[in-house]
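First up is the structure itself, then whatever we jot down about it.
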Amino acid sequence: MLPEAGRGGGSGSVMCGGCVETEYPSRGNTCLENGSFLLNYVGCVECNKRDFVLIANRAVEEEDGEEIITYDHVCKNCHHMIARHEYTFSVVDDYQEYTMLCLLCGRAEDSVSILPDDPRQTAPLF
736 MLPEAGRGGG
746 SGSVMCGGCV
756 ETEYPSRGNT
766 CLENGSFLLN
776 YVGCVECNKR
786 DFVLIANRAV
796 EEEDGEEIIT
806 YDHVCKNCHH
816 MIARHEYTFS
826 VVDDYQEYTM
836 LCLLCGRAED
846 SVSILPDDPR
856 QTAPLF
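For what it's worth, this note's numbering labels the leading residue of the sequence shown as 736, then goes sequentially.
Here you go:
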């Protein structure tokens with residue numbers, strides 16, 4: 736289940752659905768491990784400015800072979816928290832698995848073969 740979005744001030748832990756055009760937009764297989772999806776940012780509801788989005792509180796954890804990167808998107812001017820970003824990377828069998836979940840950047844997942852030829856892409860021989 737996706738985290739609940741709401742309005743919050745400062746750098747609190749509540750994400751702000753009012754700052755984005757679409758909450759958790761579907762991004763297909765585009766998983767961002769850093770950066771911001773600015774096309775979805777309409778502006779800060781706290782200071783009413785549309786400026787750069789800063790990345791704050793970036794953390795990298797490794798747990799059971801899975802890398803988890805989290806950070807906050809905050810307004811450059813008033814430091815209002817816009818969204819919490821989570822990106823994961825792991826290797827499962829012969830595939831690199833990526834996921835992203837963020838109110839601003841969206842939700843996405845991707846799977847890439849670590850083999851030279853992806854078995855899912857080969858044509859049948861008969």
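The beta carbon of each residue, even a glycine, is placed where N, CA and C say it ideally should be.
Looking only at its own chain, which residues have a Cβ that is under 8 angstroms from the Cβ of residue i, when we skip the five neighbours before and after it?
{"i": "CYS782", "result": "CYS810, ASN812, CYS813 and HIS815"}
{"i": "SER825", "result": "GLY800, GLU801, GLU802, GLN831 and GLU832"}
{"i": "CYS766", "result": "TYR822, TYR833, THR834, MET835, ALA843, GLU844 and ASP845"}
{"i": "ARG855", "result": "SER848"}
If you drop the 5 nearest sequence neighbours on each side, which residues of the same chain put their C-beta closer than 7 angstroms to that of residue i?
{"i": "SER771", "result": "VAL788, HIS808, LEU839 and CYS840"}
{"i": "SER761", "result": "GLY841 and ARG842"}
{"i": "GLU768", "result": "ILE804 and TYR822"}
Which residues does DSSP list as the beta-bridge partners of residue i?
{"i": "THR834", "result": "THR823 and GLU844"}
{"i": "ASP807", "result": "ALA791 and ARG819"}
{"i": "TYR759", "result": "Its beta-bridge partners do not exist; DSSP assigns none."}
{"i": "GLU801", "result": "GLU798"}
In whole angstroms, give me the CA-to-CA distance for residue i and residue j.
{"i": "ALA791", "j": "ASP852", "result": "39 angstroms"}
{"i": "ASP829", "j": "GLU802", "result": "17 angstroms"}
{"i": "ILE817", "j": "TYR759", "result": "12 angstroms"}
{"i": "CYS880", "j": "LEU773", "result": "This structure does not reach residue 880, given that the chain is present from 736 up to 861, and the question cannot be answered."}
{"i": "ILE804", "j": "CYS779", "result": "24 angstroms"}
{"i": "ILE849", "j": "LYS784", "result": "44 angstroms"}
{"i": "CYS751", "j": "GLU798", "result": "29 angstroms"}
{"i": "TYR806", "j": "ASP786", "result": "18 angstroms"}
{"i": "VAL718", "j": "ARG819", "result": "Missing from the structure shown is residue 718; the chain here goes from 736 to 861 and no further."}
So residue i and residue j are supposed to be a Cβ contact under 8 angstroms. How far apart are they, rounded?
{"i": "ASN764", "j": "ALA843", "result": "6 angstroms"}
{"i": "GLU796", "j": "VAL777", "result": "Going by Cβ atoms, the distance from GLU796 to VAL777 rounds to 31 angstroms, so no, they are not a contact pair."}
Just to confirm my understanding: we take residue i, look at its own chain, exclude 5 residues before and 5 after, and list those with CB closer than 6 angstroms. What are they?
{"i": "VAL847", "result": "GLN831"}
{"i": "ALA794", "result": "THR805"}
{"i": "CYS837", "result": "ALA818 and HIS820"}
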